[in-house]
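Asker:
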Amino acid sequence: DFVRLRRNKFVESVECTLDRQFVVEHSDWDRIRKYPDYPVPDVNNGYGNAYDQIKMLGGDWLHRQGFTGEGVRIAVIDGGFFNVDGVRAYSHVWNGGRLIDVVDLMPGRPDVFNGNPHGGQVLSVMAGMDDGRFVGTAPDASYMLLRSEDDRYEAPVEMDNFIAALEIADSAGVDVITASLGYSSFDDGVNGIDIDKLDGMHYRISIAEGMAVKKGIFVVNSVGNKGATSWRTITVPSDAKGVMTVGAVGRAGARAPFSSYGPTADGRFAPLVCALGRRTAVLNHRGEPSYNSGTSLAAPLVAGLSACLMQAFSSLSPAQLTDAIISTASKASSPDDEVGYGIADFHAAYLYIQKKYFGANK
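Heads up: the sequence shown begins at 242 in our numbering, then just goes up one per residue.
1) How is N336 classed by DSSP in three states: helix, strand or coil?
2) Taking A539 and S463 to be in contact with their CB atoms under 8 Å, please state how far apart those CB atoms are, rounded to whole angstroms.
3) With burial defined as no fewer than 16 other Cβ atoms inside 10 Å of the residue's Cβ, what is the status of K275: buried or exposed?
4) How long is the line joining the alpha carbons of G433 and T476, rounded to whole angstroms?
5) Between which two residues does the alpha helix (DSSP H) containing F403 stretch?
6) Helix, strand or coil: how does DSSP classify E266 here?
7) Counting C-beta neighbours from all protein chains within 10 Å, is the total for P280 16 or more, i.e. buried, or is it exposed?
8) Can you grab the Cα-Cα spacing for the pair F599 / L557, in whole Å?
9) How big is the Cα-Cα spacing for P282 and N525?
10) Please classify G398: is it buried, with 16 or more other beta-carbons within 10 angstroms of its beta-carbon, or exposed?
11) In chain order, what residues of the same chain have a beta carbon less than 7 Å from the beta carbon of N355, not counting five sequence neighbours either side?
12) Taking C-alpha atoms, which residue in A516, D440 and A368 lies nearest to G310?
13) Does the stretch 546 to 554 come close enough to the stretch 497 to 505 that 3 or more CB-CB pairs lie under 8 Å?
14) Tell me the residue span of the beta strand (DSSP E) that contains M385.
15) How would you call K603, buried or exposed, if buried means at least 16 neighbouring beta carbons within 10 angstroms?
16) Taking its Cβ as the centre, do 16 or more other Cβ atoms sit within 10 Å of F375, making it buried, or is it exposed?
17) Compare the C-alpha of V317 against each of D507, N466 and S389 and name the closest.
18) Which residue marks the beginning of the alpha helix (DSSP H) containing T563, and which one marks its end?
19) Counting Cβ pairs, one atom from each stretch, are 3 or more of them under 8 Å apart for the stretch 581 to 596 and the stretch 508 to 521?
20) Which of the three DSSP states is assigned to V487 in this structure?
21) Would you mind sorting A449 into buried or exposed? The rule is 16 or more other CB atoms within 10 Å of its CB.
22) Spatial neighbours of A553 within its chain, please: CB distance less than 7 Å, with the 5 preceding and 5 following residues excluded, ordered by chain position.
23) Using DSSP's beta-bridge definition, name the partner residues of T521.
24) Is A379 near I315, with beta carbons less than 8 Å apart?
25) Going by DSSP, name the residue or residues bridged to N462.
26) May I have the straight-line CA-CA distance separating E529 from G327, to the nearest angstrom?
27) One question on the structure: do G508 and G483 come within less than 8 Å of each other, judged by their Cβ atoms?
28) How big is the Cα-Cα spacing for Y331 and Y288?
29) So S425 and S537 are supposed to be a Cβ contact under 8 Å. How far apart are they, rounded?
30) With H, G and I counted as helix, E and B as strand and the rest as coil, what does DSSP make of A539?
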């Protein structure tokens with residue numbers, strides 16, 4: 242089969258990574274909508290533990306203007322969403338008909354709501370809503386949950402799952418994709434990532450993520466947590482071209498030591514911007530406010546507030562949104578390899594867009 246494929250003039254290369262028949266399963270998520278309703282609080286009524294991380298990015302100002310992600314469709318690609326179907330802090334999403342779909346690219350494993358909790362914490366910093374205790378960055382957005390990761394091992398097949406997730410999200414018409422996944426090595430010890438090839442054009446997962454941007458999707462990816470290791474640099478697919486790559490800072494604004502940093506192999510800044518990733522407020526699998534750390538949590542903070550900007554300015558392209566976010570970040574005049582353009586400021590980005598693209602001020 243490989244020989245026949247290679248004979249086609251339009252085929253550049255062929256790699257075998259799939260060790261099973263590729264299957265996509267859609268979870269039985271209709272039951273979620275039957276979860277008892279939970280009163281949706283006023284977003285201005287109290288952020289609780291989440292205040293610092295939203296205030297740091299100017300997201301509280303966006304929320305006060307009424308931009309909370311309504312009408313924007315966000316796809317979350319991750320490794321599992323343990324018990325989010327049983328947490329009432331998401332009931333405003335389920336009962337409001339704003340769960341687009343739940344797609345499992347890892348059939349044969351426990352369903353997405355009984356597996357890894359990582360994706361649930363990622364989702365919480367965007368969608369969570371618990372009056373006075375916690376508010377996410379985009380509580381009124383619509384969400385699509387996709388599991389591409391197998392938490393039993395690290396293998397190249399997961400990159401294929403990720404690409405399939407991108408395609409499924411695209412077919413669903415999402416506006417934003419956020420992924421807190423990255424790869425630098427695999428358990429087989431053979432198919433590792435070459436740092437010198439982190440230019441967005443060598444690894445299929447990065448090529449595919451860049452293609453999603455070209456199709457008009459605003460893609461956000463964490464840069465990885467290798468900053469304090471011998472690897473130190475970014476992971477794929479955060480080398481993808483056009484993607485909003487996000488690193489982690491602490492509350493004082495300095496790069497978190499674990500946060501990976503660039504540049505990419507072709508000299509681009511990665512991360513482009515940063516958000517709070519050290520002791521980030523999350524909801525745990527029981528729906529209780531808690532804290533965790535990682536660029537995995539910084540990325541969805543940016544993704545959610547980017548969705549709020551998209552609500553305000555629906556006609557902007559991913560490139561225009563990226564321009565606004567990096568041009569108004571804390572180190573826009575002096576970017577560096579460690580934090581890129583610095584901490585994002587979505588209040589300033591809103592005003593920048595209004596002036597540059599619409600010729601108005603408020």
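Glycine is no exception: its CB is placed at the ideal position from the N, C-alpha and C atoms.
Answerer: Taking the structure as given:
1) By 1-based counting over the sequence shown, the position of residue 336 is 95. The answer is coil: DSSP assigns N336 none of H, G, I, E or B.
2) In the sequence shown, residue 539 corresponds to position 298, counting from 1. In the sequence shown, residue 463 corresponds to position 222, counting from 1. That belief holds up - the Cβ atoms of A539 and S463 are roughly 6 Å apart, short of 8 Å.
3) The count along the sequence shown starts at 1 and reaches residue 275 at position 34. Its pLDDT being 46, under 50, K275 is placed unreliably in this model, and the coordinates cannot settle the point.
4) Position 192 of the sequence shown, counting from 1, holds the residue named residue 433. Position 235 of the sequence shown, counting from 1, holds the residue named residue 476. Taking the straight line from one Cα to the other gives about 11 Å.
5) As a working mapping, residue 403 is identified with position 162 in the sequence shown. From DSSP, the alpha helix (DSSP H) with F403 extends over V398 to S412.
6) Start at 1 with the first residue of the sequence shown, and residue 266 comes out as number 25. E266: strand per DSSP, three-state reduction.
7) Counting from one through the sequence shown, the residue named residue 280 turns up at place 39. Its pLDDT being 47, under 50, P280 is placed unreliably by the model, and the measurement read from it follows with that caveat. Burial call: exposed.
8) As a position in the sequence shown, residue 599 is number 358, starting the count at 1. As a position in the sequence shown, residue 557 is number 316, starting the count at 1. Cα to Cα, F599 sits roughly 11 Å from L557.
9) Position 41 of the sequence shown, counting from 1, holds the residue named residue 282. Position 284 of the sequence shown, counting from 1, holds the residue named residue 525. Confidence at P282 is low in this model, with a pLDDT of 44, below 50, so the placement of that residue should be treated as unreliable; the coordinate-derived value is given next. Rounded to whole angstroms, P282 to N525 spans 20 Å at the Cα level.
10) Residue 398 sits at position 157 when you count from the first residue of the sequence shown. The amino acid at residue 398 is misidentified as Gly; the sequence shows Val. When all chains shown are included, V398 counts as buried.
11) Your numbering for residue 355 matches position 114 in the sequence shown. Same-chain partners within the cutoff: F323.
12) Residue mapping note: residue 310 aligns to position 69 of the sequence shown, counting from 1. For the residues A516, D440 and A368, the minimum Cα distance to G310 belongs to A368.
13) no
14) Position 144 of the sequence shown, counting from 1, holds the residue named residue 385. Looking at the DSSP string, the run of the beta strand (DSSP E) that includes M385 is S383 to R388.
15) As a position in the sequence shown, residue 603 is number 362, starting the count at 1. With a pLDDT of 47 at K603, under the threshold of 50, the modelled position of this residue cannot be trusted; read the value that follows with caution. Counting Cβ neighbours within 10 Å, K603 comes out exposed, since fewer than 16 surround it.
16) For this step, residue 375 is matched to residue 134 along the sequence shown. F375 is buried by the Cβ-count criterion.
17) Residue numbering aside, residue 317 sits at position 76 when the sequence shown is read from its first letter. Looking at the Cα atoms, S389 is the closest of the given residues.
18) Residue numbering aside, residue 563 sits at position 322 when the sequence shown is read from its first letter. T563 -> alpha helix (DSSP H) spans P559 to S568.
19) yes
20) The sequence position of residue 487 within the sequence shown is 246, counting from 1. DSSP places V487 in strand when its eight states are reduced to three.
21) On the sequence shown, residue 449 is found 208 positions in, with the first residue counted as 1. When all chains shown are included, A449 counts as buried.
22) The sequence position of residue 553 within the sequence shown is 312, counting from 1. Only F308 and Y591 meet the Cβ criterion.
23) Position 280 of the sequence shown, counted from the first residue, corresponds to residue 521. T521 pairs with N533.
24) Position 138 of the sequence shown holds residue 379. Position 74 of the sequence shown holds residue 315. A contact, by the Cβ cut-off of 8 Å.
25) Here the question's residue 462 lines up with position 221 in the sequence shown. BP columns for N462 point to A420 and T486.
26) As a working note, residue 529 is residue 288 in the sequence shown. As a working note, residue 327 is residue 86 in the sequence shown. E529 and G327: Cα-Cα distance of roughly 12 Å.
27) Translated into positions along the sequence shown, residue 508 becomes position 267. Translated into positions along the sequence shown, residue 483 becomes position 242. Against a cut-off of 8 Å, the Cβ pair of G483 and G508 comes out as no contact.
28) For the purposes of this step, residue 331 is identified with residue 90 of the sequence shown, where counting begins at 1. For the purposes of this step, residue 288 is identified with residue 47 of the sequence shown, where counting begins at 1. Cα to Cα, the separation comes out at about 15 Å.
29) Taking the sequence shown and counting its residues from 1, the one referred to as residue 425 is at position 184. Taking the sequence shown and counting its residues from 1, the one referred to as residue 537 is at position 296. Contact doesn't hold; Cβ gap of about 15 Å is too wide.
30) For the purposes of this step, residue 539 is taken as the residue at position 298 of the sequence shown. In this structure, A539 counts as helix in the three-state DSSP scheme.
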